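With the working numbering applied, the sequence shown covers 50 to 592. A virtual CB, placed ideally from N, CA and C, is assigned to each residue, including glycine. These figures come from a predicted structure and were not determined experimentally.
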Amino acid sequence: MKTFYLCLTIFIFNTLPGNIQAQSVEWANKGGGVLHDPKIAVDANGNTYVSCNFLDTTYLGVDSFISAGDSDFYLCKYDSVGLLKWAVQVGSVLGDFTTDICSDSAGNVYITGEYYGPVDFGGIILIGFGTFIAKYSSSGTLVWVYRIDPLHGISIGNIAISSSGKLVIGGNIYSAADFGCASIITTAPDLKFIACFDTAGVCQWVTTFILHGYLLDISMDGNDNTYITGAFLNSVMFGSTVLNSNGSQDIYLAKCNANGSWEWALNAGSSAIDQGCGVSADNFGHVFLTGFYKLTVPFGCATYTSTGSSDIFISCYDTSGNCIWVRQSGGGGGNQYSFAITSDMNSNCTITGSILDTTHFGNFTLIPNGEKMFVAQYDSTGFCKWAIVATGISGDRGNDIGSDFSGNIYVSGPLWLAGIHTFGNYSFAANYYNNIINNKDYFLVKVNSIGSGISDSQSDLYSFNLFPNPTTDKLQLSIYLNKQTNLQFKIYNVLGETVFEQYLISNFGHNNYSFNLSDLRKGIYFLNLVVNGLSSVAKFVKE
Numbered sequence: 050m051k052t053f054y055l056c057l058t059i060f061i062f063n064t065l066p067g068n069i070q071a072q073s074v075e076w077a078n079k080g081g082g083v084l085h086d087p088k089i090a091v092d093a094n095g096n097t098y099v100s101c102n103f104l105d106t107t108y109l110g111v112d113s114f115i116s117a118g119d120s121d122f123y124l125c126k127y128d129s130v131g132l133l134k135w136a137v138q139v140g141s142v143l144g145d146f147t148t149d150i151c152s153d154s155a156g157n158v159y160i161t162g163e164y165y166g167p168v169d170f171g172g173i174i175l176i177g178f179g180t181f182i183a184k185y186s187s188s189g190t191l192v193w194v195y196r197i198d199p200l201h202g203i204s205i206g207n208i209a210i211s212s213s214g215k216l217v218i219g220g221n222i223y224s225a226a227d228f229g230c231a232s233i234i235t236t237a238p239d240l241k242f243i244a245c246f247d248t249a250g251v252c253q254w255v256t257t258f259i260l261h262g263y264l265l266d267i268s269m270d271g272n273d274n275t276y277i278t279g280a281f282l283n284s285v286m287f288g289s290t291v292l293n294s295n296g297s298q299d300i301y302l303a304k305c306n307a308n309g310s311w312e313w314a315l316n317a318g319s320s321a322i323d324q325g326c327g328v329s330a331d332n333f334g335h336v337f338l339t340g341f342y343k344l345t346v347p348f349g350c351a352t353y354t355s356t357g358s359s360d361i362f363i364s365c366y367d368t369s370g371n372c373i374w375v376r377q378s379g380g381g382g383g384n385q386y387s388f389a390i391t392s393d394m395n396s397n398c399t400i401t402g403s404i405l406d407t408t409h410f411g412n413f414t415l416i417p418n419g420e421k422m423f424v425a426q427y428d429s430t431g432f433c434k435w436a437i438v439a440t441g442i443s444g445d446r447g448n449d450i451g452s453d454f455s456g457n458i459y460v461s462g463p464l465w466l467a468g469i470h471t472f473g474n475y476s477f478a479a480n481y482y483n484n485i486i487n488n489k490d491y492f493l494v495k496v497n498s499i500g501s502g503i504s505d506s507q508s509d510l511y512s513f514n515l516f517p518n519p520t521t522d523k524l525q526l527s528i529y530l531n532k533q534t535n536l537q538f539k540i541y542n543v544l545g546e547t548v549f550e551q552y553l554i555s556n557f558g559h560n561n562y563s564f565n566l567s568d569l570r571k572g573i574y575f576l577n578l579v580v581n582g583l584s585s586v587a588k589f590v591k592e
């Protein structure tokens, strides 16, 4: 019988010294007995939602789940300090599973997957077989579940949400699919789709494309544009744009606008296997992409040659598809992989994956003990701010990543090898269950990377302070500049909505600004300050 042990531990990571602000690991949890790598979503307040597929018996805190027959899945919530708040189980006598998860700023969580047989999602029972999208509230109550038929006609692999509340899902159509706003019947091989829903579960539009390869990640920006990435062979067409691979498996990045029309697409690759694994679009016009490549690859604004078997890349594009910068991480002779990426309100982007040998991230050099999970953060200009790697026995990797409105980072991933895994001064046992090789343990860790958010700086270009905080009606901003420069101020609420915006030209030296907040409701807000393209965010409270 498979068991699931949940324990609260602390992960300690190794990193070489750097000239950037320090980060600390706040908490970590370990779980076990899952069939596939866990997927996570993070809301604005730092609550983390985890979806996992399991067999037999699973234990979460004082709760235990027993699968109804074959595989079931659970959805659970951890608060910002790592305490388990609730968990729900879904399953039938046949195999049911989830594939992806996302959350909105209010803490509602959305999951995708497949079910076989009558399944109770928490008050709504679906019969037959099919794929689904389900919405749960921040307290774990089912809000709605939407079924897409038929089961063997479609699969859903990805889901994402915009700050305005639009949902997009992506996957494969094998024969037929009824989305509600569109029905598709096809005999074409390798047909992929993107479908848009509102947060009430009503279909808005569907678009398709033929891709011999993989759709691996999906993201949305503040204007409801959708960005996808993955890998393809031969050729692919997005609207009128045709991409041709460079002899083997290539990376692609494509944009679909808010109405479901393709705007642009690009690819990069060599004659070897290259793959785009993660994409994250922020609300400030950046589209961040990560993955791995081999040999020599032209990325549009830079060309890199791998130093090992495969190297990591991270790149930044604008919303028109123009390449802004590309960075490479490699160094050893083994495989280095980046599997996931997230961006925050500072326009920092953070990646995670696994490294096998000595690997360089900007000015940081990480030395793993076998295959180990890493986390690295870059600012909007491509400067690596910090990089860390887990210690202990080989056999773990970062598989999914998220961030909250304060810039804290959350990472999950599998523990591949049975035995004692050590993270600094803390150790725990990882296991396989019932001799099933893909039934494994996993970790969930929170990394605090930006401090309090009340004062900040960008290298030696500028520094600023925000006061009083909390405030009642007026907010003062004091900023020191090393030269005359352009400033952009934006204030966001916790839903990501812009409530104030102003552009200024400021002088060298000290500059002071006052914001009248009398018209704002009480609550938490974020001031986004952009200085010559460098972005910082400070949180403040209106009382």
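CB contact flag (residue i, residue j, <7 Å)
i	j	result
residue 405	residue 384	yes
residue 493	residue 461	yes
residue 539	residue 566	no
residue 339	residue 369	no
residue 219	residue 187	no
residue 378	residue 410	yes
residue 314	residue 273	no
residue 97	residue 123	no
residue 161	residue 205	yes
residue 278	residue 325	yes
residue 561	residue 527	yes
residue 351	residue 276	no
residue 495	residue 76	yes
Residue from the options whose Cα sits closest to the Cα of residue i
i	options	result
residue 586	79, 394 and 525	394
residue 427	400, 129 and 167	400
residue 259	223, 267 and 252	223
residue 514	521, 549, 559 and 491	559
residue 599	408, 333 and 277	No answer is possible for residue 599: it lies beyond the span of the chain, which begins at 50 and ends at 592.
residue 336	390, 295 and 293	390
residue 341	132, 230 and 327	327
residue 226	212, 243, 213 and 214	243
residue 457	99, 130, 431 and 169	130
residue 102	447, 345, 137 and 366	137
residue 202	439, 331, 99 and 180	180
residue 294	454, 316, 345 and 196	316
residue 135	146, 114, 397 and 304	114
Residues near residue i by beta carbon distance below 6 Å, same chain, minus five either side
i	result
residue 576	540 and 587
residue 69	Model confidence at residue 69 stands at a pLDDT of 31, short of 50, so the residue's coordinates are unreliable; what they give is reported in the following sentence. Excluding sequence neighbours, residue 69 sits near 434 and 435.
residue 231	255
residue 193	184 and 250
residue 450	389, 391, 401 and 460
residue 172	191
residue 50	Only weak support is given to the placement of residue 50: the predicted model assigns it a pLDDT of 26, under 50, and the question is left unresolved by the model.
Integer Cβ distance of residue i from residue j, believed to fall under 8 Å
i	j	result
residue 640	residue 262	In the structure as shown, the chain begins at 50 and stops at 592. Residue 640 is therefore absent and cannot be evaluated.
residue 374	residue 309	About 30 Å separates the two Cβ atoms, so there is no contact after all.
residue 164	residue 175	6 Å
residue 348	residue 311	With 8 Å as the limit, residue 348 and residue 311 do not qualify as a contact, their Cβ atoms being about 21 Å apart.
residue 91	residue 452	6 Å
residue 380	residue 408	5 Å
residue 86	residue 463	5 Å
residue 563	residue 525	6 Å
residue 140	residue 117	5 Å
residue 403	residue 376	Incorrect: roughly 18 Å between the Cβ atoms, too far for contact.
Reduced DSSP secondary structure (H/G/I, E/B, other) of residue i
i	result
residue 229	coil
residue 202	helix
residue 319	coil
residue 634	Look at the range of the chain in this structure, 50 to 592, and you will see that residue 634 is not part of it.
residue 561	strand
residue 366	strand
residue 141	coil
residue 307	coil
residue 542	strand
residue 608	Past the boundaries of the shown model lies residue 608; the chain is included only from 50 to 592, so the question cannot be answered.
residue 313	strand
residue 77	strand
residue 439	strand
residue 592	coil
Nonlocal neighbours in the same chain, by C-beta distance under 8 Å from residue i, ignoring five residues either side
i	result
residue 343	319, 321, 322, 323, 355, 358, 359 and 360
residue 216	151, 159, 182, 208, 209, 210, 245, 246, 247 and 248
residue 522	565, 566 and 567
7 Å Cβ shell around residue i - same chain, five flanking residues per side excluded
i	result
residue 553	536
residue 503	Any reading at residue 503 is ruled out, since the residue's pLDDT is 29, under 50, leaving its predicted position unreliable.
residue 144	119, 120 and 165
residue 490	79, 80, 81, 464, 479 and 480
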